[in-house]
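Note sheet for the following structure.
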Amino acid sequence: MDPTRRDVMALVGGLAGAQVVPGLAWAGAPGHSLTAAPAEVQLAPGDYPKTRVWAYGGQVPGPVLRQQQGEMFEARLVNGLEQETTVHWHGLRLPNAMDGVPGMTQAAVRPGESFDYRFALRDAGTFWYHPHANSLEQISRGLAGVLVVDEAEPPEVDAEEILVLDDWRLTEDAQLHPEFGNRHDMSHAGRLGNYITVNGVGEMRRSYPRGTRLRLRVVNAATARVFRLVFQGMKAWTVALDAMPVERPERVEQLELGPAQRADLIVDITAETGEEAVIGSVERDGTYATVAVSVDGAEQAVREAPQALPPNDLPVLVLKDARQVPLVMQGGAMRGLPEQVMWKGSKMEVWALYEAGQFWAFNGQAGMDGAPLIEAALGETVRVPMENRTAFSHSMHLHGQHFREVLPGGGLGPWRDTLVIHPDESREIAFVAENPGDWMFHCHMAAHQMSGMMNWIRVG
Ligand code: C2O
Ligand code: CU
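Right under this line is the structure:
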């Protein structure tokens, strides 16, 4: 036997063994370590038992990963779950192989195994990370965290708060309802929870003096709920959406944030000393406080409206001569699918599709197929008019590149990576296919994603 070869094999075997020990450091270990594993957290108020979740680093939401724009990002995912997983870095313009889509950009990471992610942080902004395997169950069980990329010159504020909005479907003993993806959720609005949290607690409490200027990084990590936030005793401006700075900060009275969307806000506390400033979540049966600030301490002078954040280096979008690829959203309860729909390469009768747990389609096709929905040349500009013929809202997300909405007057909306489209709405997006590879294009309401609203595009 060749001794050199045996030595090499022994070495490889040793490393593979070491990889199952979470947090073990050796030469070349990357910057962040992210272990996905079962954990117990106090999610419901103190008199309820702890909730068994799946979490990154034992906490819900996962640890905030934070670096400077332009730096190299390195993270090792260690899979401590009993099923395959990956990490998708939502909203980052990164190399395709780092996008975390199992079976498309990488092999799924098996239980006990690990995967190293490494990419340059091109854009500053508020991003988040979550699994892209068995997404409905894995995200709903608690796997989600925030990735902040700091700009070289951040805006002047007194403090920053990261607010991860989420909702949970809890049983009476505060455990996660064990059914993920039942037919009702899939064919209606998704897995809506019965308990709303910010950063893993029912109501977040803070204390700031009147006049305090805050930067809020708000992330909707829920798999179905569209949040509508209102601000009481505060004056709020939007400065970035889905990580990308808006051209001009805009006053916001009510902020709509669909699943996976983010907003950076500058907020001035205007309530009187001794009063409360509140961020409320508008729900069907009332408005609930999610963040309560008791206004206390030495008052600060009122400031001018905030400046725009430094822009990220985004492509120039020219609509003239751009190709149009229309997308029609169909299916779901109340409206239903057309009689025949393509699924996995063959034409299916609608009852057979429902039987297979497929309730939605894009352009008459449920789920992904061999051919992409859009094939774009590198650098090509593509317009996608989307028509929502369903009775439900959808949160459409494109991987790998940001897009802008083409507004009815022909103008362009802010750069985003996720757009909420309500029932019977028609909304058009346009993007420059600037990032080569195969990229997912899907509804971020995870129950819809798994039951038909999932497709992909190919660039280059
Ligand atoms: Cu936030 Cu395809 O994902
Ligand atoms: Cu949807």
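Here the sequence shown is numbered in numbering that gives the first Met the number 0, starting from 0 and rising by one per residue.
Note that the Cβ used here is the ideal one computed from N, Cα and C, for glycine as well.
Outcome for residue i when other beta-carbon atoms lying within 10 angstroms are tallied against a minimum of 16
i      : result
Val163 : buried
Thr104 : buried
Asp267 : buried
Asn311 : buried
Pro258 : buried
Val218 : buried
Thr170 : exposed
Pro60  : buried
Asp241 : buried
Arg204 : exposed
Ser394 : buried
Arg322 : exposed
Ser206 : exposed
Ser425 : exposed
Val197 : buried
Glu427 : buried
Leu377 : exposed
His398 : buried
Ser345 : exposed
Endpoints, the beta strand (DSSP E) within which residue i is located
i      : result
Gln468 : Within the shown structure, residues of the chain are numbered from 0 to 459, placing residue 468 beyond reach of any answer.
Glu354 : Unbroken run through Glu354 is the alpha helix (DSSP H), 349-354; no beta strand (DSSP E).
Asp437 : 436-442
Ala276 : 275-282
Pro460 : What the structure shows of the chain is the stretch from 0 to 459, and residue 460 is not part of that stretch, so it cannot be assessed.
His87  : 87-89
Arg415 : 411-415
Met71  : 71-78
Met453 : 453-458
Asp267 : 261-268
Thr84  : Note, Thr84: premise wrong, no beta strand (DSSP E); not H, not E.
Val460 : No statement about residue 460 is possible, as the shown extent of the chain runs from 0 to 459 and does not include it.
Arg190 : No beta strand (DSSP E) holds Arg190; DSSP gives it neither H nor E.
Ala429 : 425-431
Arg51  : 50-55
Val405 : 402-405
Straight-line Cα distance separating residue j from residue i
i      : j      : result
Pro384 : Thr84  : 33 Å
Thr125 : Val147 : 5 Å
Ala239 : Ala351 : 44 Å
Glu379 : Ala96  : 21 Å
Ala332 : Glu136 : 22 Å
Met367 : Met71  : 32 Å
Ala276 : Ser450 : 41 Å
Thr289 : Ala432 : 38 Å
Ala502 : Ser293 : With the chain covering only 0 through 459, there is no way to say anything about residue 502.
Leu80  : Val301 : 50 Å
Pro128 : Gln68  : The residue you asked about is not Pro; residue 128 is Tyr in the sequence shown. Answer to the nearest angstrom: the Cα atoms are 17 Å apart.
Ala119 : Pro309 : 18 Å
Pro153 : Trp359 : 42 Å
Gly459 : Pro244 : 27 Å
Arg209 : Val251 : 19 Å
Gln364 : Phe114 : 33 Å
Ala304 : Phe226 : 25 Å
Pro62  : Val40  : 14 Å
Ser32  : Leu191 : 31 Å
Gly369 : Pro48  : 47 Å
Glu404 : Ala235 : 23 Å
Asn434 : Arg457 : 10 Å
Ala445 : Arg92  : 22 Å
His443 : Met328 : 14 Å
Ser392 : Val315 : 30 Å
Gly464 : Gly232 : Since the first residue of the chain shown is 0 and the last is 459, residue 464 is not available in this structure.
Ala297 : Gly273 : 11 Å
Gly408 : Gly189 : 33 Å
Ala36  : Trp342 : 34 Å
Ala17  : Val77  : Interpretation of Ala17 is limited by its pLDDT of 35, a score under 50 that renders its predicted location unreliable; the figure taken from the coordinates is listed afterwards. Approximately 11 Å, taken between the alpha carbons.
Leu256 : Ser186 : 22 Å
Ala123 : Glu150 : 5 Å
His421 : Asn387 : 7 Å
Glu159 : Thr211 : 11 Å
Gly90  : Met347 : 34 Å
Span of the alpha helix (DSSP H) around residue i
i      : result
Ala460 : Residue 460 falls outside the range modelled here, since the chain spans only 0 to 459, and no answer is possible.
Gln448 : 445-448
Within-8 Å CB hit, residue i to chain B
i      : result
Pro130 : Looking at the structure shown, chain B is missing, and only one protein chain is on hand.
Q: Run through the region 112-187 for me and flag every whole alpha helix (DSSP H) of 4 or more residues, listed as ranges in chain order.
A: 134-139, 182-186
**Q.** Inside the region 321-395 only - alpha helix (DSSP H) runs reaching at least 4 residues
**A.** 349-354
Q: Would you list the residues whose beta-carbon is nearer than 6 Å to any heavy atom of the ligand CU, in the order they occur in the chain?
A: His393, Cys442, Met444, His447, Met452
Q | Every unbroken beta strand (DSSP E) within the region 208-257, with a cutoff of 3 residues, ordered by chain | A | 212-219, 226-231, 233-240, 243-250, 253-256
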